[in-house]
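Just so you know, the sequences run in chain order V and Z.
Per the working numbering, residue 2 is the first one in the first sequence, and the count goes up by one each step.
Per the working numbering, residue 2 is the first one in the second sequence, and the count goes up by one each step.
Glycine residues also receive a C-beta, built at the ideal position from the N, C-alpha and C atoms.
Reading through the structure tokens given below for one structure.
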Amino acid sequence: MELLIFLILFPLLIAGLLAVIQAEHVRRAVVISGAVLVGIASLVALAFSVTSQAVFYSVPVNNIGILVFIGDILISGYIIFVSLKARQYVVTGITVIQLILLCAVEYLALTNHAHIPELFSDQLSGIMSAIIGVIGGLICVYALGYMREYHAEHPDRPDTRPRFFGIMFLFLSAMFGIIFSNNLLWLFFFWEITTLCSYLLIRYPNTDEAIKNAFRALLFNLIGGACIPIAFLVILLTGESELIGLHELVSAGPGLALIPAGLIAVAGLAKSAQFPFSSWLVGAMVAPTPVSALLHSSTMVKAGVYIIARFAPVFEGELIGILIALIGGITFLAASAIAISQSNAKKVLAYSTIANLGLIVACCGVGTAEGLWAAILLIIFHAIAKSLLFLSVGTVEHQIHSRNIEDMSGLVTKMPRITMMILIGIAGMFLAPFGMLISKWASLHAFVESVPPFGILLVIIIAYGSGITAFFWAKWMGKLIAVGEPQQKDESHIPGSEKSILYILSALTIVVCFGFPVISWYLIEPWLLTMYQSVTELISLSNIEIMFMMLFLVLIMPFSLARFTRSATRVPRYLCGIPESETMVFTGSCGIKREIELSNYYLDTIFCEKRISRISVGIGIFLIVLILNIIIVGGGL
Amino acid sequence: MNPFLAAALFIILAPVVGVLITGLDRILTARMQGRVGPPVLQPWYDIRKLFQKKQVAVWGAQSFFIFCYLIFIIFTGALFFAGGDILLVIFAFTLGHVFLVLGAYVSYSPYAHIGAERELIQLMAVEPMIIIVAIGLYQVNDSFLVGDMINHPGLPILLLPGVFLGFIYILTFKLRKSPFDLATSHHAHQELVKGSTTEFSGFTLGMIELAHIYELVVMLGFIWLFFGNNLFLSAVAIVVIMVLEILVDNCTSRVRWQDAITSAWFVTLVAGAGNIFALSIM
């Protein structure tokens, strides 16, 4: 299993190369070849995981644990340095606490040594690696064209692109590290690298706002991250030092694993931007769009839900699991509601990411096999559709110089191809027969049977959230296709690399929608079988048939489109006045010429961002503290 | 019954049943208003005439979306009567409506635009309750399949009174009846002209009318599920509820969208969510 080492170290090598290369065309070649190799290697890892059982691998290097510890110290040292320089003393304080805890952990781990394999790989790792490798790689390639335009548009901002691309690949490397680590000390090391990378990427524009938001992201992730060393202390103090292995911990069952798992899940909640931590992810959109795409789709937030999904079997039927699920459910509802009131496309995407992660967390917290099945499907669908959406919005933003949804009115005539891809992305996010719907369906199936009456509480939350999501996505779709005056078609300025990445992602969205039963049969169900021993028939054949029929229906639609568009006689729209030829102007009362201008509903009296986030942050803090209380009380007993 | 046969029967018979119900609705409405009213088959004459008219539109794509709307509503109904998964039916229903909304957006007409926005608000108002209906029926029948639900030997409504009430409440939205006919109403003399359907005419409008008729039959089918295999009681319930809806339609005026959505969500929470929550505790 040298492949795992390759996937962790190769992006690191590319990162190192990119950091020193100054010439743009060389960087281009390195990024593209690096992304292609990483993508292929990650797909190979996926293919291996289909055929084999979980594979464990001990790194044949002596004292490598010390190296990881030194790495941890270096990261903390760097964070302490920058936070002191920026006078962010809270960040410094938390880092220092974390470092002290970690030293205690190392002290105990050295005296009380258990040999466990450092790395491992199973079907879930395979799926995650494909997501990170393929989508992460595509985003890096997309960033080439995007960042060139970005700096042409913002000449005032420092151009440190070599470092930027270096960090992007470092991020991928750390993500591979997280998903392949069996030793939790290693996982924590990579975890901290992703926190650091996201900080560096968010502050890239180097404006005051960017720096402020970067520190907020750092702070929230450190607060969450501090729970992990505490979990290690709990593990080591109870004397079972081999439980420091992820696989060993999960197999130990709730009796031993629940408290450490709960603590690590709190870190996962922070990383996956659940309430009360969610504001860091919204703030992160000051960064260039490829960064947002990377943070939102394949890395960072996915690390958070990944670790919660890993511990899901431990949470089944436990109060801590229910509370985590409730945090997820409330996040789903609140973030969707806030998304209604937003007109900034990136903000809508950010809130919808938070909402979807909430749904994933809810599915994991419930911890049943069905819930986990839905969660993994959601992770896959969300990664692809969300990266497609972010990147297309980034492309549109560079063309129309606005990220406001209102300015995208009639975009379908100006950029038909890009609009088509946004529509595919949105459809992938909420419409039947695409992915998200399958997941929503599965999660409702999962919740209705789990831990009464809490399962029903989650069902009610999902029921409300479901209608809300339909509202904000559909009105965005409507804006794109509402054509007042056809605009000149103009897609020629879009860099070829951006366009081809968008094509690939759209194709992937559709392929995954078609192929989800295959993914389910060959990857998710075998994995669940090893986790839960017995798995009921998760998705019966008839339902798959029906979904395929619906997919088929959607696919024949484009052909009917051609027929209908030709057959109609064009007439001016009804304006309750005299239309001036076929333009958007009409003669109103007293002969005044008026132009029509339409805008979407944002319903911000009901779905006020400030109020809803204040309430849900409150609920979130309450639930988190409740979880910590239960852990303390449970640990004391 | 064979699911394919049931689906085929739905596709053929639903327009007949739907046209008759709509025709009787119009006569009853007229009588309540002191008029004689049109013949029972008037809805059918209307649709036939619409299909014969010349096709005009602001943009050709309009009829494409409406075609999708019709297809999905028929598909959903067929899935329902074939005994399929009720959650899937509900989600496919939502998808169908999104197509209607998109069709209204395309024209960029102010009236259709506001109609589309309101259509979405209605969708958002109704969705939680419909999902809760599915969950409630699951709790009683232990299955999400409509095919199993119609064989329930007892009366699920006895366990689901709140869910039933909530469903009746949102049924008014679904039947586009006052006070919740925000997006488009059966009458053109309102502030939005014909709202979301303003820019549709001829064949396209005919498809919308046909889709509404299919939808009506499916919504009434939901009432049936509350009475299990007791066909007589469910028929009585359907008649009573239709008369009630018509009465409400005739003696209320349209509410503002704020009131519509908040009241629908409130009723959903109190009657529907409370009911299924209680069931899960028991």
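Check for me: the beta strand (DSSP E) holding residue i runs from which residue to which?
| i | result |
| --- | --- |
| Arg255/Z | Careful: Arg255/Z lies outside any beta strand (DSSP E) and carries neither H nor E. |
| Arg595/V | Lys594 to Glu596 |
| Phe57/V | Val56 to Tyr58 |
| Thr588/V | Val586 to Thr588 |
Alpha carbon to alpha carbon, how far is residue i from residue j?
| i | j | result |
| --- | --- | --- |
| Ser521/V | Gln99/V | 39 Å |
| Ala133/Z | Ser34/V | The question names Ala, but residue 133/Z in the sequence shown is Ile. For Ile133/Z and Ser34/V, the distance between alpha carbons rounds to 51 Å. |
| Ala218/V | Phe608/V | 25 Å |
| Arg158/V | Val21/V | 20 Å |
| Thr199/Z | Thr420/V | 26 Å |
| Phe92/Z | Gly468/V | 10 Å |
| Ile325/V | Phe49/V | 32 Å |
| Val31/V | Ile133/V | 18 Å |
| Ser64/Z | Ala212/Z | 13 Å |
| Lys441/V | Ala375/V | 8 Å |
| Glu398/V | Gly275/Z | 46 Å |
| Leu186/V | Tyr79/V | 19 Å |
| Phe165/Z | Ile95/V | 53 Å |
| Ile9/V | Ser174/V | 5 Å |
| Thr414/V | Leu68/V | 57 Å |
| Leu638/V | Leu250/V | Per-residue confidence for Leu638/V stands at a pLDDT of 47, beneath the threshold of 50, marking its modelled position as unreliable; no derived number is given. |
| Arg49/Z | Gly203/Z | 10 Å |
| Ile81/V | Ser199/V | 16 Å |
| Phe172/V | Phe166/V | 10 Å |
| Ile633/V | Pro206/V | 42 Å |
| Phe100/Z | Gly19/Z | 22 Å |
| Phe7/V | Ile613/V | 45 Å |
Hey, could you find the ends of the alpha helix (DSSP H) residue i is sitting in?
| i | result |
| --- | --- |
| Leu120/V | Where Leu120/V is concerned, there is no enclosing alpha helix (DSSP H), although the beta strand (DSSP E) it sits in stretches over Leu120 to Ser122. |
| Phe11/V | Glu3 to Val21 |
| Thr396/V | Ala370 to Ile401 |
| Thr510/V | Gly497 to Ile520 |
| Ile607/V | No alpha helix (DSSP H) contains Ile607/V, which DSSP labels as neither H nor E. |
| Val315/V | Val302 to Phe316 |
| Ser84/V | Ile65 to Lys86 |
| Asn276/Z | Gly275 to Ile282 |
| Phe431/V | Pro417 to Phe431 |
| Arg49/Z | Gln43 to Gln53 |
Please state if the CB of residue j and the CB of residue i are separated by a distance shorter than 8 Å.
| i | j | result |
| --- | --- | --- |
| Phe517/V | Thr470/V | no |
| Glu241/V | Leu264/V | no |
| Ser279/V | Thr208/V | no |
| Ala272/Z | Phe174/Z | no |
| Leu238/V | Gly127/V | no |
| Gly146/V | Ser498/V | yes |
| Gly305/V | Gly366/V | no |
| Gly254/V | Glu317/V | no |
| Leu282/V | Ala351/V | yes |
| Leu74/Z | Ala135/Z | Here the sequence assigns Ile to residue 74/Z, which means Leu is not the residue at that position. It is not a contact, given that the beta carbons lie outside the stated cut-off. |
| Pro12/V | Phe177/V | yes |
| Glu216/Z | Lys476/V | no |
| Thr269/Z | Pro157/Z | no |
In the DSSP output, what is residue i paired with across the bridge?
| i | result |
| --- | --- |
| Ser182/V | Leu120/V |
| Asp86/Z | Leu146/Z |
| Ile579/V | Thr588/V |
| Ala58/Z | Arg571/V |
| Asn345/V | Asn405/V |
| Gly246/V | Asn184/V |
Between the options, which lies nearest to residue i when the distance is taken from Cα to Cα?
| i | options | result |
| --- | --- | --- |
| Ile328/V | Ala30/V, Glu3/V, Cys514/V and Gly621/V | Gly621/V |
| Ser344/V | Ile325/V, Thr300/V and Asp408/V | Asp408/V |
| Pro118/V | Gly66/V, Arg162/V and Leu125/V | Gly66/V |
| Ala268/V | Leu220/V, Ser252/V, Leu244/V and Pro314/V | Leu220/V |
| Gly38/Z | Ile131/Z, Gln259/Z, Asp182/Z and Asp26/Z | Asp26/Z |
| Ile462/V | Ala428/V, Val452/V, Leu295/V and Phe448/V | Phe448/V |
| Ile171/Z | Leu160/Z, Ile224/Z, Leu206/Z and Val147/Z | Ile224/Z |
| Ile169/Z | Ile131/Z, Asp143/Z, Leu80/Z and Ile87/Z | Ile131/Z |
| Ile71/V | Leu524/V, Glu193/V and Ile406/V | Glu193/V |
| Tyr575/V | Ser254/Z, Gln53/Z and Ser110/Z | Ser110/Z |
| Ser444/V | Leu358/V, Ile423/V and Asn405/V | Leu358/V |
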